[in-house]
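Which chain is which? The protein sequence lines are A and B, in order. Under the working numbering, the first residue of the first sequence is numbered 11, with each subsequent residue one higher. Under the working numbering, the first residue of the second sequence is numbered 11, with each subsequent residue one higher. Quick reminder that beta carbons are idealized off the backbone N, C-alpha and C, glycines included. Here the structure is laid out as structure tokens; the discussion comes afterwards.
There are 2 protein chains.
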Amino acid sequence: MHNVDMNAKPLYDLVWASRPLMQAAEACVERGLVDTALTVRMRAVLEMLLAHGELAVPDIAEKLEIKRQYVQLMVNETLASGFTTQRPNPRHKRSFLLALTDQGRAVIEGIMQKEMDVMKDIAADFKDEDVSTALRVVQAVMTKLKAKAEEQTW
Amino acid sequence: MHNVDMNAKPLYDLVWASRPLMQAAEACVERGLVDTALTVRMRAVLEMLLAHGELAVPDIAEKLEIKRQYVQLMVNETLASGFTTQRPNPRHKRSFLLALTDQGRAVIEGIMQKEMDVMKDIAADFKDEDVSTALRVVQAVMTKLKAKAEEQTW
DNA sequence: TCAACTTGACAATATCAATGTCATATTTAC
DNA sequence: GTAAATATGACATTGATATTGTCAAGTTGA
Numbered sequence: 011m012h013n014v015d016m017n018a019k020p021l022y023d024l025v026w027a028s029r030p031l032m033q034a035a036e037a038c039v040e041r042g043l044v045d046t047a048l049t050v051r052m053r054a055v056l057e058m059l060l061a062h063g064e065l066a067v068p069d070i071a072e073k074l075e076i077k078r079q080y081v082q083l084m085v086n087e088t089l090a091s092g093f094t095t096q097r098p099n100p101r102h103k104r105s106f107l108l109a110l111t112d113q114g115r116a117v118i119e120g121i122m123q124k125e126m127d128v129m130k131d132i133a134a135d136f137k138d139e140d141v142s143t144a145l146r147v148v149q150a151v152m153t154k155l156k157a158k159a160e161e162q163t164w
Numbered sequence: 011m012h013n014v015d016m017n018a019k020p021l022y023d024l025v026w027a028s029r030p031l032m033q034a035a036e037a038c039v040e041r042g043l044v045d046t047a048l049t050v051r052m053r054a055v056l057e058m059l060l061a062h063g064e065l066a067v068p069d070i071a072e073k074l075e076i077k078r079q080y081v082q083l084m085v086n087e088t089l090a091s092g093f094t095t096q097r098p099n100p101r102h103k104r105s106f107l108l109a110l111t112d113q114g115r116a117v118i119e120g121i122m123q124k125e126m127d128v129m130k131d132i133a134a135d136f137k138d139e140d141v142s143t144a145l146r147v148v149q150a151v152m153t154k155l156k157a158k159a160e161e162q163t164w
């Protein structure tokens, strides 16, 4: 690329690899859900509940960094499918806590175990140390990019 | 996460970091375009032309791995804005080759230089070797995930 | 108490992208 | 050389993901 200084090309490439990586990951997740009654977005709700216990809709929205209105939609689907159930919220009479049903817990644990098995298979090709390095770099780059995006000037 | 074997957790985390990383990167790119007449998708077309020279619409679609109909839309915008121009295609009378105009070249080179400067700034915080390792791991994981997604069974 | 904020529900909108269709042009097989 | 298959541009429809706006009811804090 003439006239563009490519000193930081490996980092540039790493950042631009994020899109195809995400698409491949999502395709893989979707592939793992075909035999279940789950959709990708319902899976995201169940994963949150498995990791963090009972949560209200706004809590999930904050963790997923998407708007509460959309989370409401996702959550309502999990309720309708019987994967979650509403439980009284001691802190709020109208805003229920969302909890996994036995069925929901079994489904998300099964899915995540299958996904983790895939990860184990892939991880076998790398040194643990290299994966750790990659994770550390990627997370730090992400943090810095977020900061850059918010700055008024470069 | 009880009852889920998390042996490959670092790799799992690396894969799931791809979405926020991509979102941060896109926000950053968008931020860099505010003073130009470019949109993110027009930028993608210009970057292709800068990297690969004159291309026809279907060529760009193949490289970007999106459908030609959508690329056509993106390309038409770059034509309307004067960043690209149609040149005769020796291989096809109806399908023109797309080329950067002087204006288009100046704009994409300026943008990419600014982006590369941001990358250089961020890269300063890491060992070159670690960035290379991260890139290598991420690209290999992506390849493997794509293969997994296409397999009929895990 | 009263103003500000939170939440669920619902509607409208935006963006990115795939898919479908058609006319025209091009390439390939015969 | 012609017929069939394929490629291309143009345009329309649809789908998925997510944001934004609005309102009524509930909650919080001064």
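The contact set of Val25/A on chain B, defined by CB atoms closer than 8 Å, consists of Leu31, Ala35 and Met129 in chain order.
In this structure the segment 95-108 of chain A touches the segment 61-79 of chain A; the number of beta carbon pairs closer than 8 Å is three or more.
Rounded to the nearest angstrom, the Cβ distance from Leu43/B to Arg53/B is 6 Å, consistent with a contact under 8 Å.
The beta carbon of Gln113/A lies closer than 8 Å to those of Gly92 and Phe93 in the same chain, with the five residues before and after it left out. For Ser105/A, the uninterrupted beta strand (DSSP E) run begins and ends at His102 to Leu110, by DSSP. Its chain contains no residue whose beta carbon lies nearer than 6 Å to that of Arg41/A once the 5 sequence neighbours on both sides are disregarded. According to the DSSP secondary-structure assignment, Asn17/A is paired through a beta bridge with no residue. For Gln149/B, the closest Cβ of chain A is nearer than 8 Å. By the neighbour-count definition (other C-beta atoms within 10 Å, threshold 16), Glu161/B is an exposed residue.
The beta carbon of Lys154/A sits closer than 8 Å to some beta carbon of chain B.
The DSSP-derived three-state label of Thr95/B is strand. About 20 Å separates the beta carbon of Glu72/B from that of Ile118/B, a gap too long to meet the 8 Å contact definition. Per the coordinates, the alpha-carbon of Ala134/B lies some 14 Å from the alpha-carbon of Thr153/A. Of the residues assessed, Glu125/A falls on the buried side of the cut-off, its CB having 16 or more other CB atoms within 10 angstroms.
For Val141/A, the residues of chain B that pass the 7 Å Cβ criterion are Pro20, Leu21, Leu24 and Val147, in the order they occur in the chain. Here the alpha carbon of Arg101/B sits roughly 34 Å from the alpha carbon of Thr46/B. Bridge pairing for Leu65/A: Leu108/A [DSSP]. Flagged as an interface residue toward chain B: Arg41/A, by a C-beta distance shorter than 8 Å. Within chain A, no C-beta atom comes less than 9 Å from the C-beta of Ser105/B; the nearest is roughly 25 Å away. Taking every protein chain shown into account, the CB of Val50/B has fewer than 16 other CB atoms within 10 angstroms, so this residue is exposed. Within the same chain, Val151 and Leu155 come within 8 Å of Val25/B by CB-CB distance, once the 5 residues on both sides are set aside. Ala109/B places its beta carbon less than 8 Å from that of Thr95/B. The continuous alpha helix (DSSP H) containing Lys158/B extends over residues Asp138 to Glu160.
Assignment of Ala47/A by DSSP, reduced to helix, strand and coil, places it in the coil class. In the three-state reduction of the DSSP assignment, Thr88/A falls in the helix class, which pools H, G and I. Contact between Arg146/B and Met32/A is absent: CB atoms are separated by about 18 Å, not below the 8 Å threshold.
With a threshold of 8 Å between beta carbons, Val44/A makes no contact with chain B. A Cβ-Cβ separation of about 5 Å places Val141/A in contact with Leu21/B under the 8 Å criterion. Straight through space, the alpha carbons of Val128/B and Ala159/A are spaced by roughly 10 Å.
With a threshold of 16 other beta carbon atoms within 10 Å, Leu83/B falls short and is exposed.
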